[in-house]
Amino acid sequence: MSSSPPDPTVLFYAFPKTPDVPFLSPFCQKLETFLRYTKVPYKFHAVPPKQGPRGKLPYVQVKRDDGTSETVSDSHMIIRYLIENNITLDPDAKLSELQKAESSAWQAYAEGELAQTLAYERWLVPANFDVLTAKMFEGAPRLLRPFIKWSFGRQLHNMFWAKGIGRYSFEEVKVFGQAPINALTSCLDGKIYFHGDEFTTVDAALYGVLVNVLGNRSSPHFYAAVLEKTVLVAYVQRITAMLFPEYEKILKIKGEAS
């Protein structure tokens, strides 16, 4: 008789997606990567972003032993909460203070500079925006779709303008995004994981961004840029094989150059 799976400790709320592709959000992907690596029992629920405590995703509900639960939002804060409340061991426990500082710096670089440029290409380049919104709003009434699309696009432009990156041309943004791709290639060359032979939290963050590029073709320029880096492709495939074997298309990718 097979044993039943453990009850989920974490209810994981994130954007909808199909099981065989990564999240469009690198932050949702980072969190699920961390949960799988640390073997925290969880259950995924697809929800709209407005349902999140801060109007953003992901967020979680963590069950306590006394039957109560606590809601925590933001992938970084969720990971901290799980570690500090002894729900999982800390993958970074063996790292030196210098290594932890390096992790923080590289995570900020990838989730800031690189993730922002990916989002720019995905949402502010008209051809990519048209493809994504056609899928997003296909369930909306046909007559309302143009208005919904226009309103959503205006919100995105305002958001990217406020962040600063929306004030640049896509040609300029390509330069911004190439720098972290080149830097990560140099940093990961010859390594299994960021700090060597053992997976740490920064790997969840880097994987969350990189697999997002390779698994979602909605950023075609940066998809090609990452595909040229066989070091990055191998890194993504290594973690995919370990934690997300259902991402079969990722495992079949072949790097094209360096």
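Sequential numbering of the sequence shown, starting at 1, is according to the UniProt record's numbering.
The C-beta atom is built at its ideal place from N, Cα and C for all residues, glycine as well.
Predicted, not measured: the structure shown is a model, and the values here were computed from it.
Coil, strand or helix - residue 195 by DSSP: To locate residue 195, count along the sequence shown from 1; it is residue 195. Three-state DSSP puts residue 195 in coil, outside helix and strand.
For residue 223 and residue 216, what's the separation of their Cα atoms in angstroms? Residue mapping note: residue 223 aligns to position 223 of the sequence shown, counting from 1. Residue mapping note: residue 216 aligns to position 216 of the sequence shown, counting from 1. Roughly 8 Å between the two C-alpha positions.
Could you check the C-alpha separation between residue 89 and residue 77 for me, to the nearest Å? Looking up residue 89 in the sequence shown gives position 89. Looking up residue 77 in the sequence shown gives position 77. Between residue 89 and residue 77, the C-alpha separation is close to 15 Å.
How long is the line joining the alpha carbons of residue 56 and residue 159, rounded to whole angstroms? For this step, residue 56 is matched to residue 56 along the sequence shown. For this step, residue 159 is matched to residue 159 along the sequence shown. Roughly 14 Å separates the two Cα atoms.
Using a Cβ cut-off of 8 Å (strictly closer), state whether residue 13 contacts chain D. Protein chains in the displayed structure number just one, and chain D is not present.
Report the rounded CA-to-CA distance for residue 172 versus residue 15, giving the unit in angstroms. The residue given as residue 172 occupies position 172 in the sequence shown. The residue given as residue 15 occupies position 15 in the sequence shown. Whole-angstrom Cα-Cα distance: 29 Å.
Rounded distance between the beta-carbons of residue 144 and residue 184, thought under 8 Å: The residue you call residue 184 lines up with position 184 of the sequence shown. The residue you call residue 144 lines up with position 144 of the sequence shown. Between residue 144 and residue 184 the Cβ distance is about 42 Å, and since that is not below 8 Å, they are no contact.
Using 10 angstroms around the beta-carbon of residue 107, count the other beta-carbons present and answer buried if the total reaches 16, otherwise exposed. As a working mapping, residue 107 is identified with position 107 in the sequence shown. Buried, since its Cβ has 16 or more Cβ neighbours within 10 Å.
Give a yes or no on whether the C-beta atoms belonging to residue 202 and residue 103 are separated by under 8 Å. Here residue 202 corresponds to residue number 202 of the sequence shown, with the count starting at 1. Here residue 103 corresponds to residue number 103 of the sequence shown, with the count starting at 1. In this structure, residue 103 lies closer than 8 Å to residue 202 by Cβ.
Please tell me whether residue 177 and residue 114 are closer than 8 Å, where the distance is taken between their beta carbons. Residue numbering aside, residue 177 sits at position 177 when the sequence shown is read from its first letter. Residue numbering aside, residue 114 sits at position 114 when the sequence shown is read from its first letter. It is a contact, given that the beta carbons lie within the stated cut-off.
DSSP three-state label for residue 71, please. As a working mapping, residue 71 is identified with position 71 in the sequence shown. Three-state result, residue 71: strand.
Return yes when at least one heavy atom of the ligand FAD lies under 7 Å from the C-beta of residue 69, else no. The ligand FAD is not among the ligands present in this structure, which contains no ligands whatsoever.
Quick one: using the 10 Å Cβ neighbour count with 16 as the cut-off for buried, is residue 139 buried or exposed? In the sequence shown, residue 139 corresponds to position 139, counting from 1. The residue in question, residue 139, is exposed, as its Cβ has fewer than 16 Cβ neighbours within 10 Å.
Please classify residue 147 as buried or exposed, where buried requires at least 16 neighbouring CB atoms within 10 angstroms. To locate residue 147, count along the sequence shown from 1; it is residue 147. It is exposed - the Cβ of residue 147 has fewer than 16 other Cβ atoms within 10 Å.
Could you round the C-beta distance between residue 45 and residue 11 to whole angstroms and report it? I think they count as a contact, below 8 Å. For the purposes of this step, residue 45 is taken as residue 45 along the sequence shown, with counting starting at 1. For the purposes of this step, residue 11 is taken as residue 11 along the sequence shown, with counting starting at 1. Right, their Cβ atoms sit about 6 Å apart.
By the DSSP assignment, the beta strand (DSSP E) with residue 338 in it spans what residues? The displayed coordinates of the chain run from 1 to 258. Any statement about residue 338 would go beyond what the structure contains.
What residues match up with residue 63 in a beta bridge as DSSP calls it? Indexing the sequence shown from 1 puts residue 63 at position 63. In DSSP, residue 63 forms a bridge with 69.
Distance CB(residue 92)-CB(residue 200) smaller than 8 Å: By 1-based counting over the sequence shown, the position of residue 92 is 92. By 1-based counting over the sequence shown, the position of residue 200 is 200. Contact flag set, yes.
Which residue marks the beginning of the alpha helix (DSSP H) containing residue 10, and which one marks its end? As a first step, residue 10 must be located in the sequence shown, where it is residue number 10. First-last for residue 10: 10-14, but that is the beta strand (DSSP E), not the alpha helix (DSSP H).
Are the beta-carbon atoms of residue 180 and residue 110 separated by less than 8 Å? Here the question's residue 180 lines up with position 180 in the sequence shown. Here the question's residue 110 lines up with position 110 in the sequence shown. In this structure, residue 110 lies closer than 8 Å to residue 180 by Cβ.
Between which two residues does the alpha helix (DSSP H) containing residue 244 stretch? The count along the sequence shown starts at 1 and reaches residue 244 at position 244. Segment: none, residue 244 is in no alpha helix (DSSP H) and carries neither H nor E.
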